[in-house]
Structure formats: C-alpha cells, structure tokens
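In what follows, a single structure is set out as structure tokens and then discussed.
Chains as they are written, first to last, in full-length UniProt numbering: chain A, 1 to 222; chain B, 1 to 243; chain C, 1 to 161.
Structure follows, in structure tokens:
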C-alpha cells in the first residue's frame, strides 16, 4: 500500500515535472478574478457556487484526456485506486500539490448497484484526524472517500469577507472538475466540500462519493 | 511589513470595497497611491482582523490569519500551464455567455485582467523594489516588460517599441502570449484576441501606477520580407502625458 | 511509410475529424461518416464478444495487403484511427502523439464544443507537422529496405506528396 502510494507519488512528480509551468500567482489571481466576476454578475452566492461547479464540470470533461494521455494511465483497479490517482497524480500534475485519500462514510445511503460496495466498512471515522492509517484500509473498498488537500493553491492570498464566509465555497470548481473528469471515464460521482481552510478549518476536504458506474463500462474489471 | 499593515487598514476601514474583490488579499481601492511607500499614511490599524484571528486561535484548530503568512511564500510556486489554460478556457467561455459582440467580449476579458494587474503590480513592487515608485512612463513600461513579465510569465517580453507617429504610443511585443497558445479562433471571430486578458493586466498595472492609458492587444501576422514571426502587440496609448 | 488518413471519433461514435493526407481514390469525406459509423458499431460489438472480463478496446488494428489501419481508443471512449501503407511502423505511437495534440489544441480551445466537429486550425497545423515529421523520420533510414519492396513505386509516388 505504502509502496503503491510512493509509486503513485513519484508518478505524480514526474508528470508535474514534464508539464509546462506557469506562475502560481497568475493562476490563483485569475481564479480570484473569476470568482469576483461571478459574484458581481450573479449576486446570489448559492448561484455562484453552482456556477463554479458547472464550470469545473466542463473543465473536467476536457481535462481528463490530458490527464490520461500524459500520465499514461490505463485502468484503475477500483474506486479507491481512482481516488488515489486523483490525489497523487491528478492534483500534482495540474496544481503541483498532493492530496491524501481517506475513507469516509457516504452521507446519504443510496442503494448501491455498483460492484465496489461489496465490502463497505466504516472503519475510519472522518472526524478523527489522527487515527486514519491508510494501510488498514487496503483490502476493503468503500465507495466514498475524502480527498484532503492540505495546500490548496487556490486559497493563496484569499480571505473571505465575513458576509461570504459561510456561504461561498471558494474552491468549488475543484468539485466540478473531479465530477466531470470521472464522468468521462464512466464513473458518476457526487462531490462536495466538507471543510475548507477559508472557513477556518484546518484543511480542505472534498468528499467524493461514487453513485454508479455508467453503462458501457469497459475499463474497470473489478 | 508596510504593505501588510496597509492592507489591514484597508480591510478594516473599507469592508465594502474589499468584499468586491472576492477576498483576494490586495484590495483594488485607491489605485493611484499603490502603496509603493508613497501611501505611507496608513492609519493605525483597527485590529478588526487581528482580533478575529485571535478568537479563532482560541478554538481547537489553530487557524493563522492570512496576514501571518509570508507574502513571498508563493513567489516561486508554479502550477502547470494546462491548469491555467483550462481555467482560462472556462473563463473565456463564461465571458462569451450571451455576448455576440467581439468588442464587449474583449472589454469583459480585459476588465478581469485589470483586477489582476493591480494586485500583481503591488505584489511585485513589494518584492523587488519596495519604497520605489516609477514616475516616468518609459521606465514604468520597462519595468513591466522586464520584471513583471518575468514574474508573471516566467520570461521577458520580446520587445518594447515606440510608435513613429505618436509620442504617447508604445508597443509591447510578445511572440507567444500564453493566452493565445491553444486558442483557435472561429471564422466569425477572427478579430477577437484572447490576449486582451494580458492587455487588461498591463492596463491595470499602468493605471494603478498612475498612468492613465488605453491598452489594446493586436495580432500581427508574420512578415516574410523582414523575417518577422507572427507576434502579438500590446498597444499602450497614454492619455494626457505631461512631460 | 505514408500516412493516408486520420480520423477521430467522439465518445458516441460521431466522426468529428477527418483528414486525408493522401486522397483516397473512392471515399469522399461523406463516405467516411458512413464507414466510421460501421467501424464504431463493429468495434462495440467486438468488445462484447470478448469472453474474458478484462478490458477490451475493440478493434485495434486491421491489416491488409494494401493498407493498414490502427485504432487507439482512449479511456474516455474517443477513437483515433489512422490508415497507412502496410509496412508503416509505429502507428500506435503516432496516434498517442495525436491524442496529445488533441488534448492541447482541441480540449483547451474555448471555441471547441464537445461532440462537435473539430475546426481548431492550430490542431490541424500541428497535426500536419507531426505527420510530416513521422513520414520523414521513417522514410530516410529505411530507404534501402524499401527499394526491394513491391510497394516501391507506390511509395515513391506518395512520398512526393
């Protein structure tokens, strides 16, 4: 498991090293300006959140091809590997940061038709930060994971004014990107931010919940 | 930490204007003064933000205030160009929503760039030449084409030229602006130039430094005779320039 | 050594890009739509025919005495198809490179709409260069070998293209 992680980690490093780079500041400021513009145009914060997600979705649909092509990825064994791939390779490749994957329990228990849910256990409580050891989860595959992004670059330079603090999901675009990208590989997922550094939490966390594997599935043999 | 204090005071005294900049650290207010040491009339900070942060500090997870972060912490960080290109692609698609007219689209895009220009200039000035302010338009342009370009795009601009006809007209030359790299214009929008975004950044920098101007991005086709490759010109026209 | 045509099918099997580097004697661009439609259908059927549960990419290559076809299917369901003279090597590599170009110049083009025909002229330019380069690389080192080949004449004629 840790070996696997390290392999993925170095894969992510290589992928990032091979990408053309641009100043992180230009990137985050562009994103900041985009969010500002949305707030100005749409007025309603909930609308801004969903617009960001929608934009992310369309970015994700486009971005996945580059990810697959440049990371030379073929198949992910299961949903856990898929999430690891996002955290270690995907995030690294595009944003230059790494995330961590931890198991989580789905918030709403949808009847799962997916083959992933066969051995769903609730071994890790998500609220408890210290006890999660990835090695203990190697065998059972959940269909809900938490993606932790300790250093989300989008948060750089940002402080939410108090009137937005509990409404605006600043980095919501990431949820859309993950949803869009996974949908292109036949995985329908539900993404949402559970904690956010800008809301004084210690870390950004995105919950990725597998809803179903879309019909013409051919890349997952698990 | 002169700038940080300035920012703090801005935040606490003008919460309204701050909110419109989506909480990015550099408020877009009072552009001309720009805090290049010249705006040293910072009122004693009211401590709004700081008292807030200490309140947070007392809770279990210790959250530092954004003002505790080192301003230079992000200096050499980079993200992949793809991430930016995709974001820019999304931005452009958003800007195009409901807009048919090329001019409006360019204005919208450069308006977004403008906001970035203001913030970038302040940041770069703080890092490279604190307490110094360019008052001459030519040296300001040089500062932009060299230091700022290096900071933002990781390389120098490909040239700075002055117009033969107009004293107040300058061209910043870039052979491969990053915004145009992956964009192919459809036939009905050939006049549109995605580099308007960069034009907006330049515009924001110049105006916040106190130079009123217009900036337009223009693509110039390659010239076989003089072996000049295809390039993008940013035409800077200064208004009421006093010598 | 000559690339004849390059086609891209979208996720749903639509022909979104078609370029003949060598003009096909019979097939017109409209015929390609029909041909690729059938190809897509066949490929999907073959995927289901495979007895093993492991992944199956459908038709990945077709060889014939007169031409050779290679198809690279991405995980996202796109199909990149190339046809070339029978002894052309490294078609798979070429298709992966084309996929790379597609990611850059089509997917990052805000004016491209998903599932719509590809019009991005930068993509087409880059593709031309790529195909040109591929033909060049393989043409010169292999020339002596080619002189004994029955396709010699054929090759030389097309090589000038």
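The beta carbon of each residue, even a glycine, is placed where N, CA and C say it ideally should be.
- Query: Three-state secondary structure (DSSP) at residue 123 of chain A?
  - Reply: Model confidence at residue 123 of chain A stands at a pLDDT of 31, short of 50, so the residue's coordinates are unreliable and nothing is read from them.
- Could you tell me whether the Cβ atoms of residue 51 of chain A and residue 80 of chain B are closer together than 9 Å? no
- alpha helix (DSSP H) containing residue 70 of chain A: first to last residue? 45-71
- DSSP beta-bridge partners of residue 70 of chain C: C/61, C/82
- Message: For a test of the three-state rule: what should DSSP assign to residue 19 of chain C, helix, strand or coil?
- Response: strand
- In the DSSP assignment, find the alpha helix (DSSP H) that holds residue 95 of chain B and state where it starts and stops. 81-96
- Whole-angstrom distance between residue 49 of chain A and residue 66 of chain A, CA atom to CA atom: 26 Å
- Query: Straight-line CA distance for residue 9 of chain C to residue 121 of chain B?
  - Reply: 46 Å
- Message: With H, G and I counted as helix, E and B as strand and the rest as coil, what does DSSP make of residue 26 of chain C?
- Response: coil
- Euclidean distance between Cα positions of residue 76 of chain A and residue 68 of chain C: 31 Å
- Message: Less than 9 Å between the C-beta atoms of residue 177 of chain B and residue 209 of chain B, yes or no?
- Response: no
- Query: In chain C, which residues lie less than 7 Å from residue 310 of chain A when you measure between Cβ atoms?
  - Reply: Here chain A covers residues 1 to 222 and nothing more, so residue 310 of chain A does not appear.
- Item | Distance CB(residue 160 of chain A)-CB(residue 116 of chain B) smaller than 9 Å | no
- Query: Does the stretch 1-19 of chain C come close enough to the stretch 214-234 of chain B that 3 or more CB-CB pairs lie under 8 Å?
  - Reply: no
- residue 144 of chain A lies in the alpha helix (DSSP H); which residues open and close that run? It is not in any alpha helix (DSSP H) - residue 144 of chain A instead sits in the beta strand (DSSP E) that spans 144-149.
- Message: With H, G and I counted as helix, E and B as strand and the rest as coil, what does DSSP make of residue 228 of chain B?
- Response: strand
- Message: Considering only the alpha carbon of each residue, which of A/153, A/58, A/69, A/45 lies closest to residue 98 of chain A?
- Response: A/153
- Item | Other residues of its chain near residue 43 of chain C: CB distance less than 6 Å, five sequence neighbours each side excluded | 58, 59
- residue 216 of chain B: first and last residue of the uninterrupted beta strand (DSSP E) it sits in: 213-220
- Query: How is residue 213 of chain A classed by DSSP in three states: helix, strand or coil?
  - Reply: strand
- Item | Cβ contact check for the stretch 197-204 of chain A and the stretch 76-90 of chain A: 3 or more pairs under 8 Å | no
- Task: Mind the definition here: the stretch 81-95 of chain B touches the stretch 168-176 of chain B only if three or more C-beta pairs lie below 8 Å; say whether that holds.
- Result: no
- Distance, residue 39 of chain A Cα to residue 63 of chain C Cα: 57 Å
- Query: My guess is that residue 94 of chain C and residue 68 of chain A are in contact by the Cβ rule of under 8 Å, so how many angstroms apart are they, rounded?
  - Reply: Not really, about 17 Å apart at Cβ, beyond 8 Å.
- Query: Hey, quick one: how far does the beta strand (DSSP E) through residue 74 of chain B stretch, first residue to last?
  - Reply: Looking at the DSSP string, residue 74 of chain B is not in any beta strand (DSSP E), and its letter there is neither H nor E.
- Query: Which class does residue 147 of chain B belong to by DSSP, given the choice of helix, strand or coil?
  - Reply: helix
- Please work out which residues of its chain come closer than 6 Å, Cβ to Cβ, to residue 99 of chain B, disregarding the five sequence neighbours upstream and downstream, and give them in chain order. 105
- What three-state label does DSSP hand residue 60 of chain B in the structure shown? Residue placement at residue 60 of chain B is poorly supported in this model, since its pLDDT is 41, which falls under 50; the coordinates are not used for a value here.
- residue 244 of chain B, DSSP secondary structure in three states: Here chain B comprises residues numbered 1 to 243, so residue 244 of chain B is not present and cannot be evaluated.
- Task: Closer than 8 Å, Cβ to Cβ, to anything on chain C: give me those residues from the stretch 70-95 of chain A, in chain order.
- Result: 70, 73, 74, 75
- Item | For residue 253 of chain B, the first and last residue of its enclosing alpha helix (DSSP H) | Within the shown structure, residues of chain B are numbered from 1 to 243, placing residue 253 of chain B beyond reach of any answer.
- First through last residue of the alpha helix (DSSP H) which encompasses residue 100 of chain A: First-last for residue 100 of chain A: 100-103, but that is the beta strand (DSSP E), not the alpha helix (DSSP H).
- Rounded to whole angstroms, how far is the Cβ of residue 205 of chain A from the Cβ of residue 57 of chain A, which I believe are closer than 8 Å? Not really, about 20 Å apart at Cβ, beyond 8 Å.
- Message: Based on DSSP bridge pairs, tell me the residues matched to residue 159 of chain B.
- Response: B/173
- Sorted by chain position, which residues of the same chain lie with C-beta nearer than 6 Å to residue 206 of chain B's C-beta, five sequence neighbours on each side aside? 213
- Task: Please confirm if residue 192 of chain B has its CB atom under 9 Å from at least one CB of chain A.
- Result: no
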